[in-house]
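The opening position of the sequence shown corresponds to residue 2 in my numbering, with each subsequent residue numbered one higher.
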Amino acid sequence: MPSVAAASQAGIEPLSYPGPAWSPYLVGGLIGLLSMATFYFSAKSLGASSAFASLAGMLGLVVAKEHTESLKYFQDKPPAVNWGFMLVVGTVVGAFLAAWQGGELTGEWLPPLWAARFGEDSLPLRFAVASVGGTFMAFGARLAGGCTSGHGISGTLQLSAGSWVAVSCFFIGGIATAMLMFRV
């Protein structure tokens, strides 16, 4: 039985938003203004995946300094706490503050749709799937030269054909993964 139907039968509305939503027009406009300001003040585009590569490099310097310094990637882009790294930190802090301000900070580890599909005792599975999925996403983002923010915001804003292809692939991959995981 598809998990969306199972969730509905269990009294869970899987597609409803739990609280007051922000206006997508306002938020989209603000992201556009942020992108313009980023281009203007730093001559760089918004993007987050390079910050994760930088974090990996910083950890590599602690664990295996000589090896990390010998890698061409880190010779070209030395790991550092830079504006992209702080963008990711700000995104996490901002998401926390937005959820708290909106009254949606619940501490919920298993969303109802996940629990309906995989069971109430599936927290280790959720962490494993998130870890493996995050690793694939980070690898793919570096392979594609950008992530959902780099391609999806900055690249499409500049009408980059490659970014439009990448964003299309993000959607196709996300939909396919959801269909496989939740048997939709």
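Where a beta carbon is used, it is the ideal one built from N, C-alpha and C, also for glycine.
This one's a predicted model, so the numbers in the text were calculated from it and none came from an experiment.
Taking Ser46 as the centre and dropping the five residues before and after it, the same chain places the C-beta of Ser155 closer than 6 angstroms to its C-beta, in chain order. Nearest to Gly33 by alpha-carbon distance, out of Ser169, Val168, Ser164, Ser150, is Ser150. Counting of Cβ neighbours within 10 angstroms places His68 among the exposed residues, the total staying below 16. Remark: C-beta atoms of Cys170 and Ser50 do not approach each other more closely than 8 angstroms. Residue environment analysis places Trp115 among the buried positions, since at least 16 neighbouring C-beta atoms fall within 10 angstroms of its C-beta.
Contact between the segment 99-106 and the segment 53-72 is absent: fewer than 3 CB-CB pairs across the two stretches fall below 8 angstroms.
Your pair Ala44 and Val89 does not check out as a contact, with CB atoms roughly 19 angstroms apart and the cut at 8 angstroms. Look at Gly48 here: in three-state DSSP terms it is coil, with no helix or strand label. Within the same chain, Cβ atoms closer than 6 angstroms to the Cβ of Ser164 are found at His152, Gly156, Thr157, the five residues on either side in sequence being excluded. In this structure, Gly48 and Gly85 form a Cβ contact; the two beta carbons are roughly 6 angstroms apart against a cut-off of 8 angstroms.
Here Val82 carries a coil assignment [DSSP, helix/strand/coil].
Annotated three-state conformation of Ala96 is helix, per DSSP.
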